[in-house]
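Chains as they are written, first to last, in this note's numbering: chain A, 1 to 232; chain B, 1 to 232.
Protein chains: 2
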Amino acid sequence: MKHSEPTVLIVEDEAAQLELLKFNFQKQDFRTLVAEDGEEGLLLAQEYHPDLIILDWMLPELSGIEVCRQLKRNDKTREIPILMLTARGEENDKVRGLDTGADDYVVKPYSVKELLARARAMIRRSNPVRSGEVVTYADITIDTEQHKAYRDGTLLKLGPTEYRLLSVFMGRPGRVWSRDQLLERVWPHDLDIDLRTVDVHVGRLRKALKQPDKRDPIRTIRAAGYSLDLED
Amino acid sequence: MKHSEPTVLIVEDEAAQLELLKFNFQKQDFRTLVAEDGEEGLLLAQEYHPDLIILDWMLPELSGIEVCRQLKRNDKTREIPILMLTARGEENDKVRGLDTGADDYVVKPYSVKELLARARAMIRRSNPVRSGEVVTYADITIDTEQHKAYRDGTLLKLGPTEYRLLSVFMGRPGRVWSRDQLLERVWPHDLDIDLRTVDVHVGRLRKALKQPDKRDPIRTIRAAGYSLDLED
DNA sequence: CAGTTTTGCTACAGTTTTGTGACGCAATCC
DNA sequence: GGATTGCGTCACAAAACTGTAGCAAAACTG
Numbered sequence: 001m002k003h004s005e006p007t008v009l010i011v012e013d014e015a016a017q018l019e020l021l022k023f024n025f026q027k028q029d030f031r032t033l034v035a036e037d038g039e040e041g042l043l044l045a046q047e048y049h050p051d052l053i054i055l056d057w058m059l060p061e062l063s064g065i066e067v068c069r070q071l072k073r074n075d076k077t078r079e080i081p082i083l084m085l086t087a088r089g090e091e092n093d094k095v096r097g098l099d100t101g102a103d104d105y106v107v108k109p110y111s112v113k114e115l116l117a118r119a120r121a122m123i124r125r126s127n128p129v130r131s132g133e134v135v136t137y138a139d140i141t142i143d144t145e146q147h148k149a150y151r152d153g154t155l156l157k158l159g160p161t162e163y164r165l166l167s168v169f170m171g172r173p174g175r176v177w178s179r180d181q182l183l184e185r186v187w188p189h190d191l192d193i194d195l196r197t198v199d200v201h202v203g204r205l206r207k208a209l210k211q212p213d214k215r216d217p218i219r220t221i222r223a224a225g226y227s228l229d230l231e232d
Numbered sequence: 001m002k003h004s005e006p007t008v009l010i011v012e013d014e015a016a017q018l019e020l021l022k023f024n025f026q027k028q029d030f031r032t033l034v035a036e037d038g039e040e041g042l043l044l045a046q047e048y049h050p051d052l053i054i055l056d057w058m059l060p061e062l063s064g065i066e067v068c069r070q071l072k073r074n075d076k077t078r079e080i081p082i083l084m085l086t087a088r089g090e091e092n093d094k095v096r097g098l099d100t101g102a103d104d105y106v107v108k109p110y111s112v113k114e115l116l117a118r119a120r121a122m123i124r125r126s127n128p129v130r131s132g133e134v135v136t137y138a139d140i141t142i143d144t145e146q147h148k149a150y151r152d153g154t155l156l157k158l159g160p161t162e163y164r165l166l167s168v169f170m171g172r173p174g175r176v177w178s179r180d181q182l183l184e185r186v187w188p189h190d191l192d193i194d195l196r197t198v199d200v201h202v203g204r205l206r207k208a209l210k211q212p213d214k215r216d217p218i219r220t221i222r223a224a225g226y227s228l229d230l231e232d
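Take a look at the structure:
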């Protein structure tokens, strides 16, 4: 029933390091994917679309920077936050400036605790649409500064909860959200709300998004959750 | 006195953090000012009037909150947007609700990239009506030099508070302002005013702006605030 | 195909949020 | 000094939104 553990992809060539990371992430209820070189990392990232990628800077063959660039170039993986692992001496301007597209970096030797904290923070952050920004996916747009949402150019009439729900969906189009995850992100963190309430609000959002000759942009994934999805 | 590069003031006592921030902001073509304690921060803020202040929550002597309060109390620095840096455990309701007057906050550990993005967004968003200017939005005009406001050419009869309120709205038409934000910008800072008072004044402003066959230019965003908006 | 699980949806009672007129108080004007 | 103007709070009504229950429909299971 619990389907809400985040997945992390670890790309690291040193076996010992990899084991350590894997162990610790699993202990923290992450699902883990591992890759021992850049090539494999890219493949897994595309296939499984993890919530976070831990990427070693030094890799045989394809370097960490290169992997990062490619991930950020691909629409399928662009949104995935990347945490770069760099050894002490390598902490050069490239990394510090984050030119590579990585979202954050940690210098070895790091404390596992800090790494986990950062990882969690990054995942949490990666969902919501940043305040003040305008985000568009297909024919849907939300303008957070003006607190408005449009479909195909026409203004939608949304209640507060519907608006927040749409914001979460828009933060990562195509991603499947379990009801738990939606509850966590859309509702105030202290209230205990029935899971089915999510369904009702999804229904209301659907109605608000409905337009003649337009497809329902919210996909139901049975026994898993919902996603904002206009593919196929 | 607006010029090309925006200036950011960083107030942070940990040298490493400070360096990292400074480096990254400079790399992004910000001009940077740095202060290692609250006292110095206040001084620099007054003297140089930066476009944005990055403020660490934990500071020796003068705490971040206190610095924030003082900045917001001083007319010279009141309008400067403040981005608060808080450690994980400190992420309490005080910060969340931004009662302190800060305009945004980021929880450590943060990703540098996100911080930069937020900083940029905040600067973009903050542009109060400058004194001496005449600003027009749709059929509404305010002449700050003469301290007069018009709708469709006819002079409006506004009380002082209504005038200030309209000025804030005119500074960024379309933007949603929370009641807190309005309180902060319209009312003197030493006063403790009920949030609902904002509603009353918005109501009065609405009445003053009313004209036959004209739409109400103020939009209510339930559970969020108000905005000046004549679209749709 | 019958049985089971999961989702869609409507109705509704309850709650939260907003609009606004009334009132008392203080400052300002004449 | 008396009148006027503007202010902040309150209280109440109206409006908007919310969560849950319950049942029908749909999707799976074997």
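Ideal Cβ positions, reconstructed from N, Cα and C, are used throughout, including at glycine. Given the structure is predicted, the values throughout are model-derived calculations rather than measurements.
Task: Close-in-space but distant-in-sequence residues of the same chain around Phe25(A) (CB under 6 Å, 5 per side omitted) - done: What you label residue 25(A) is simply residue 25 of the first sequence in a count that begins at 1. Within the same chain, Phe25(A) has close Cβ partners Val8, Thr32.
Open item on the list: Is Val176(B) close to chain A? Criterion is C-beta to C-beta, closer than 7 Å.
Closed with: Numbered from its first residue, the second sequence carries residue 176(B) at position 176. Output row for Val176(B): interface = yes.
- [ ] Give me whichever residues DSSP pairs with Arg31(A) in a beta bridge.
- [x] The residue you call residue 31(A) lines up with position 31 of the first sequence. Answer by DSSP bridge pairing, in chain order: Thr7(A).
TODO: Go ahead and pull the three-state DSSP assignment for Met58(B).
DONE: Sequence index remark: in the second sequence, residue 58(B) carries index 58 (1-based). Three-state result, Met58(B): coil.
Open item on the list: For a quick check, are the C-beta atoms of Glu36(A) and Leu62(A) less than 7 Å apart?
Closed with: In the first sequence, counting from the first residue as 1, residue 36(A) sits at position 36. In the first sequence, counting from the first residue as 1, residue 62(A) sits at position 62. Contact flag unset, no.
Open item on the list: Between the segment 69-87 of chain B and the segment 51-60 of chain B, can you find at least three pairs of beta-carbon atoms closer than 8 Å?
Closed with: With the cut-off at 8 Å, the segment 51-60 of chain B and the segment 69-87 of chain B touch.
- [ ] Give the interface partners of Val198(B) over in chain A, defined as CB-CB distance under 7 Å, in chain order.
- [x] Walking along the second sequence from the start, residue 198(B) turns up at place 198. Contact annotation for Val198(B) against chain A: no contact, minimum CB-CB distance about 16 Å [criterion: below 7 Å].
Open item on the list: Check whether chain B comes within 7 Å of Pro277(A), counting only Cβ atoms and requiring the distance to be less than that.
Closed with: This structure cannot speak to residue 277(A), because chain A is shown only from 1 to 232.
TODO: Please name the residue, chosen from Leu158(A), Val134(A), Asp13(A), that lies closest to Pro60(A) on a Cα-to-Cα basis.
DONE: Taking the first sequence and counting its residues from 1, the one referred to as residue 60(A) is at position 60. It is Asp13(A).
- [ ] Ignore the nearest five residues each way along the sequence and tell me which others in Val135(B)'s own chain have a CB closer than 6 Å to its CB.
- [x] Position 135 of the second sequence, counted from the start, is the residue given in the question as residue 135(B). Around Val135(B): Val129, Ile142, Met170.
Task: Inter-residue spacing [alpha-carbon to alpha-carbon] between Ile193(B) and Leu183(B) - done: One-based indexing of the second sequence puts residue 193(B) at position 193. One-based indexing of the second sequence puts residue 183(B) at position 183. Distance between the alpha carbons of Ile193(B) and Leu183(B) is about 8 Å.
Task: Any C-beta of chain B under 7 Å from that of Asp75(A) - done: Here residue 75(A) refers to the residue found at position 75 of the first sequence. Chain B contact via Cβ: absent.
Open item on the list: Excluding the 5 residues flanking Lys22(A) on each side, which residues of the same chain have their C-beta closer than 7 Å to its C-beta?
Closed with: If you number the first sequence from 1, residue 22(A) lands on position 22. Cβ neighbours of Lys22(A) beyond the five flanking positions: Ile10, Thr32, Val34.
Task: Residue from Ala149(A), Ser111(A), Val186(A), Asp190(A) whose Cα sits closest to the Cα of His201(A) - done: On the first sequence, position 201 is the one that residue 201(A) refers to. Nearest in C-alpha terms to His201(A), of all of Ala149(A), Ser111(A), Val186(A), Asp190(A), is Val186(A).
- [ ] Taking only beta-carbon positions, decide if Gly132(A) is within less than 7 Å of chain B.
- [x] Counting from 1 along the first sequence, the entry for residue 132(A) is found at position 132. The beta carbon of Gly132(A) sits closer than 7 Å to some beta carbon of chain B.
Task: Proximity below 7 Å, CB of Glu162(A) to CB of Arg118(A) - done: What you label residue 162(A) is simply residue 162 of the first sequence in a count that begins at 1. What you label residue 118(A) is simply residue 118 of the first sequence in a count that begins at 1. No; because the gap between Cβ atoms is not below 7 Å, this pair is not in contact.
Open item on the list: I'd like to know whether the C-beta of Lys22(B) is nearer than 7 Å to at least one C-beta of chain A.
Closed with: As a first step, residue 22(B) must be located in the second sequence, where it is residue number 22. Taking Cβ atoms only, chain A never reaches closer than 7 Å to Lys22(B), which makes this a no.
Task: The alpha helix (DSSP H) enclosing Thr161(B), as first and last residue numbers - done: Locating residue 161(B) in the second sequence gives position 161, counting from the first residue. Where Thr161(B) is concerned, the enclosing alpha helix (DSSP H) stretches over 160-171.
Task: Inter-residue Cα distance where the pair is Asp213(B) and Gln146(B) - done: The residue labelled residue 213(B) in the question sits at position 213 within the second sequence. The residue labelled residue 146(B) in the question sits at position 146 within the second sequence. Each residue's Cα considered, the two are about 27 Å apart.
TODO: Look at the alpha carbon of Thr220(A) and the alpha carbon of Pro160(A), and state the distance between them as a whole number of angstroms.
DONE: For the purposes of this step, residue 220(A) is identified with residue 220 of the first sequence, where counting begins at 1. For the purposes of this step, residue 160(A) is identified with residue 160 of the first sequence, where counting begins at 1. Straight-line Cα distance between these residues: approximately 22 Å.
Open item on the list: For Arg151(A), report the span of its beta strand (DSSP E) as first-last.
Closed with: Residue mapping note: residue 151(A) aligns to position 151 of the first sequence, counting from 1. Secondary structure note for Arg151(A): its beta strand (DSSP E) is the uninterrupted segment 148-151.
Open item on the list: Considering only their Cβ atoms, is the gap separating Ser227(A) from Arg175(A) smaller than 7 Å?
Closed with: Counting from 1 along the first sequence, the entry for residue 175(A) is found at position 175. Counting from 1 along the first sequence, the entry for residue 227(A) is found at position 227. Between Arg175(A) and Ser227(A), the CB-CB gap stays under 7 Å.
TODO: State buried or exposed for Pro217(A), treating a residue as buried only when at least 16 other CB atoms are found within 10 Å of its CB.
DONE: Locating residue 217(A) in the first sequence gives position 217, counting from the first residue. Label assigned to Pro217(A): buried.
TODO: Determine the burial state of Asp75(A): buried for a count of at least 16 other Cβ atoms within 10 Å of its Cβ, exposed for fewer.
DONE: Position 75 of the first sequence holds residue 75(A). Counting other Cβ atoms within 10 Å of its Cβ, Asp75(A) stays below 16 and is therefore classed as exposed.
Open item on the list: Determine, for Asp213(B), whether the minimum Cβ-Cβ distance to residues of chain A falls below 7 Å.
Closed with: Start at 1 with the first residue of the second sequence, and residue 213(B) comes out as number 213. No, because no Cβ of chain A sits closer than 7 Å to the Cβ of Asp213(B).
Task: Terminal residues of the beta strand (DSSP E) in which Val106(A) lies - done: Taking the first sequence and counting its residues from 1, one reaches residue 106(A) at position 106. Per DSSP, Val106(A) belongs to the beta strand (DSSP E) from 104-107.
Open item on the list: Counting C-beta neighbours from all protein chains within 10 Å, is the total for Lys148(A) 16 or more, i.e. buried, or is it exposed?
Closed with: Here residue 148(A) is taken as the residue at index 148 of the first sequence, counted from 1. Counting Cβ neighbours within 10 Å, Lys148(A) comes out buried, since at least 16 surround it.
TODO: Give every residue of the same chain whose Cβ lies closer than 6 Å to the Cβ of Val95(A), excluding the five residues on either side of it in the sequence, and list them in chain order.
DONE: Translated into the one-based positions of the first sequence, residue 95(A) becomes position 95. Interpretation of Val95(A) is limited by its pLDDT of 48, a score under 50 that renders its predicted location unreliable; no figure is taken from the coordinates.
- [ ] Name, going along the chain, the residues of the segment 26-44 of chain A whose beta-carbon falls closer than 9 Å to a beta-carbon of chain B.
- [x] Across the segment 26-44 of chain A, no CB contact with chain B closer than 9 Å is found for any residue.
Task: Given Leu209(B) as reference, the closest of Glu47(B), Ala121(B), Lys157(B), Leu191(B) once Cα atoms are compared - done: Numbered from 1 along the second sequence, position 209 holds the residue referred to as residue 209(B). When only C-alpha atoms are compared, the closest one is Lys157(B).
- [ ] Spatial neighbours of Asp29(B) within its chain, please: CB distance less than 8 Å, with the 5 preceding and 5 following residues excluded, ordered by chain position.
- [x] To locate residue 29(B), count along the second sequence from 1; it is residue 29. Short of 8 Å from the beta carbon of Asp29(B), and not among the five residues preceding or following it, lie these beta carbons of its own chain, in chain order: Glu5.
Task: Residues in the segment 132-150 of chain A having any Cβ partner in chain B nearer than 7 Å - done: Per Cβ criterion, the list reads Gly132, Glu133, Glu145, Gln146, His147.
Task: Which of helix, strand or coil DSSP assigns to Asp93(B) - done: Start at 1 with the first residue of the second sequence, and residue 93(B) comes out as number 93. Confidence at Asp93(B) is low in this model, with a pLDDT of 40, below 50, so its placement is unreliable and the value that follows should be read with caution. Reduced to three states, the DSSP call for Asp93(B) is helix.
Task: Among Thr197(B), Asp199(B), Arg179(B), Val168(B), nearest to Glu79(B) - alpha-carbon criterion - done: As a position in the second sequence, residue 79(B) is number 79, starting the count at 1. Closest by C-alpha distance to Glu79(B), out of Thr197(B), Asp199(B), Arg179(B), Val168(B), is Val168(B).
Task: Distance between Leu195(A) and Pro81(A) (C-alpha atoms, nearest Å) - done: As a first step, residue 81(A) must be located in the first sequence, where it is residue number 81. As a first step, residue 195(A) must be located in the first sequence, where it is residue number 195. Distance between the alpha carbons of Pro81(A) and Leu195(A) is about 28 Å.
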